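With my numbering as the guide, the letters of the sequence shown map in order to residues 10 to 532. Glycine residues also receive a C-beta, built at the ideal position from the N, C-alpha and C atoms. What you are looking at is a predicted structure, and each value in this text was computed from that prediction instead of being measured. Here's the structure, in structure tokens; my notes come after.
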Amino acid sequence: MTLPDLPFARLTLAARGFVLLFLSIAAIVDRKDMVLALIAIGAVWAVVQLAEFRPGVSTGFATTFDAVVVGLVCGVTVGDALPVLAALVVPPFTAGLHRGAVGVALAMSAQLVALLGAITLGSDGLDREVWIGVFTWSVTGLGLGLIATFLHSAIQRSADPLAPYHYAQTLLRQLIDLSGGLKSGLDPTALGGAIVSSVRDELPVAALVLYVPRGDSLTPLVEESLDGAPCNQDDVAFEAWARGEVVVHERCFAIPLDDAAVVAGVLSDRLDPGRLDLAGRIRQLQRRLAPSAVHLDTALLFSSFRDAATAEERRRLAREMHDGVAQEIASLGYLVDALAAQPGSPAQADRIALLRDRVSHVVGEVRQSVLTLRTSVGENESLGAAISSIARNLSEVSGVPIQVTLEEHTTRLRPEVEAELFRITQEAMNNAIKHAHASVIDVHCRVHAPRAIITVSDDGRGMQQARSDSHGLEIMRERATLIGGRLSIDPAPGGGLMVTVAVGTDLEPPAGGDRTPDEKVKA
């Protein structure tokens, strides 16, 4: 017996035991002349059950033999013991467990042929009640056989070691099809904007904010201020999220949308909330927004999946570079050092020294690339903290001073927005060091979720003719587009370049010292 056959044999043992118990009770209470039929069926089932537990025994032969014997016994004894027909349900069920639909068909055919043959040869005629019983228990056996066929397929799938992979493949294909087939795609910002628009169309509001969960906190995804009212509704939104119900405080309200989001807003002061039937309209709105909440939650899950896959791929590339290319280049350095110990001539010594410098430079570039791939915005640090960390590392490696000025609120941006802003800033600093040959770099980071603006200014050579194999600026623009941001590259006031990336609409770039930052980090 193979491993998948073991649960089948246990189920057949339970089914046969239950039916034997039923027949025994019927024999004791009503029909004393059922004893011989009960003994015959019990003996056959015992033999077949032992055969099913033995390895190498054909389950097809055993189930067919079971069906034939049960049909004969029922056909011979049914005239005197009608309850014996209950045994007809077992052979199709056991055959379906072992062999699926084919087994059910064979067992039903063999059982009916044996049953009708025994009835025809052993009786001059049977009354209508017997034929109804034959029909009823045969149909019941067929139904149980079909159920057993489903169980057969389910147990076979669970026993397949590749089943989880096949299931994952199916889900991933569905996810790809879903992301391309939705009219609004899987962009959380676009879906969140549609929800905010629906609320604005229904309620007279002065300000609206759509929050989405991030860990144990809420992050603004979309906000609108129509009458210049403040959009900070964090407290009422968090209360609605924690309680899972609508919260109304004077003109402020918050509507939880399952676990996917919370819409919070401020009613316009031009209208009287008491005349609006606010509670009723909010309940109706909450019901109408339920499908949109599912769409948004799907988009957020897809973004999380994509970010996790991207981060893992970056770590894998970093490992490959560190353990492969970096080690090979370092070994070339050792070979160059061996040649430098015994130069053939002064000219050769100079060339070897130049080669050693180039190898050291390449090793430094590879190590910097590994650092870039492995560095990301963690869940336990802010975007500004991550930018400060990479700025320190870049400054230590390059010797170029980098000053980071931070102005951040405690509320975080969405993870995918932080990740793209971080990569854009990282690339801008790298470009200022490697290509612009800057001597000083200033980074200003302002985050008022869901808005943010980051500028990277340098005093380098400014914009140079792009190489045909250079894609850095194009990738930066693609990253900004992915999060609905804007990227601009302008000449810096004191020479060099100023790279600005912004998400949101009403934050202005910091200008020199006219703002007081929350934190300054000099790397």
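Cβ-Cβ distance between residue i and residue j below 8 Å
| i | j | result |
| --- | --- | --- |
| Val-257 | Pro-265 | no |
| Thr-414 | Ile-462 | no |
| Val-87 | Val-139 | yes |
| Arg-209 | Leu-217 | yes |
| Arg-455 | Gly-513 | no |
| Leu-403 | Ile-433 | no |
| Gly-471 | Gly-493 | no |
| His-457 | Thr-464 | no |
| Leu-364 | Val-345 | yes |
| Val-386 | Ala-395 | yes |
| Val-379 | His-331 | yes |
| Lys-79 | Ile-48 | Lys is not the amino acid found at residue 79; the sequence shown has Val there. Going by C-beta atoms, Val-79 is not nearer than 8 Å to Ile-48. |
Distance between residue j and residue i (C-alpha atoms, nearest Å)
| i | j | result |
| --- | --- | --- |
| Phe-247 | Ala-288 | 19 Å |
| Ser-369 | Met-485 | 28 Å |
| Thr-179 | Thr-198 | 27 Å |
| Leu-171 | Ser-397 | 45 Å |
| Ala-302 | Val-406 | 47 Å |
| Pro-352 | Gly-373 | 25 Å |
| Ala-251 | Ala-308 | 22 Å |
| Val-111 | Leu-294 | 53 Å |
| Cys-261 | Asn-440 | 47 Å |
| Glu-232 | Ile-156 | 53 Å |
| Ser-162 | Tyr-176 | 14 Å |
| Leu-29 | Thr-73 | 19 Å |
| Val-221 | Ala-249 | 12 Å |
| Met-43 | Leu-184 | 59 Å |
| Glu-321 | Gly-26 | 53 Å |
| Leu-32 | His-304 | 55 Å |
| Thr-158 | Gly-109 | 4 Å |
| Asp-467 | Leu-506 | 6 Å |
When the options are compared against residue i, the one with the closest alpha-carbon
| i | options | result |
| --- | --- | --- |
| Val-57 | Leu-32, Ala-104, Val-44 and Leu-94 | Ala-104 |
| Gly-393 | Val-406, Tyr-343, Arg-421 and Asp-359 | Arg-421 |
| Arg-292 | Leu-200, Ala-308, Arg-25 and Ala-263 | Ala-263 |
| Arg-328 | Gly-152, Val-375, Gly-353 and His-453 | Val-375 |
| Gln-120 | Ala-110, Arg-137 and Pro-101 | Pro-101 |
| Gly-224 | Arg-401, Ala-400 and Arg-423 | Arg-423 |
| Gly-469 | Asp-451, Thr-129, Leu-482 and Asp-306 | Asp-451 |
| Ala-116 | Pro-92, Ala-95, Thr-419 and Ala-71 | Ala-71 |
| Ile-141 | Ile-338, Ser-234 and Ala-95 | Ala-95 |
| Glu-416 | Ser-391, Arg-296, Ala-447 and Gly-202 | Ser-391 |
| Leu-276 | Arg-325, Glu-337, Glu-211 and Gln-357 | Glu-211 |
| Gly-154 | Thr-129, Val-99, Ser-207 and Asp-196 | Val-99 |
Per-residue DSSP class, three states only, for residue i
| i | result |
| --- | --- |
| Glu-390 | coil |
| Ala-269 | coil |
| Thr-2 | An answer regarding residue 2 cannot be provided, because it is not within the stretch 10 to 532 covered by the chain. |
| Met-10 | With a pLDDT of only 42 at Met-10, under 50, the local geometry of the prediction cannot be trusted, and the value read off the model is given with reservation. It is coil, neither helix nor strand. |
| Ile-50 | helix |
| Pro-4 | With the chain running from 10 to 532 in the structure shown, residue 4 is simply not present. |
| Gly-521 | The predicted model places Gly-521 with a pLDDT of 44, which falls under 50 and marks its position as unreliable; any figure quoted below should be read in that light. It is coil, neither helix nor strand. |
| Glu-259 | coil |
| Pro-229 | strand |
| Pro-545 | One cannot answer for residue 545 here, as it falls past the ends of the chain, which runs 10 to 532. |
Test: residue i CB closer than 8 Å to a CB of chain D
| i | result |
| --- | --- |
| Val-122 | Here there is only one protein chain, and chain D is not present. |
query: Residue ranges of each beta strand (DSSP E) run of no fewer than 3 residues wholly in the stretch 391-479, ordered along the chain?
result: Segments of the beta strand (DSSP E) lying fully in the stretch 391-479: 411-417, 450-457 and 460-467.
- request: Entirely within the stretch 71-140 and at least 4 residues each: give me those alpha helix (DSSP H) ranges in chain order.
  value: The qualifying runs are 99-108 and 110-131.
query: Of all the alpha helix (DSSP H) runs that stay within the bounds of the stretch 277-355, which reach a length of 4 or more residues?
result: Scanning the stretch 277-355 from its first residue to its last, the whole alpha helix (DSSP H) runs of 4-plus residues come out as 287-297, 299-329 and 335-350.
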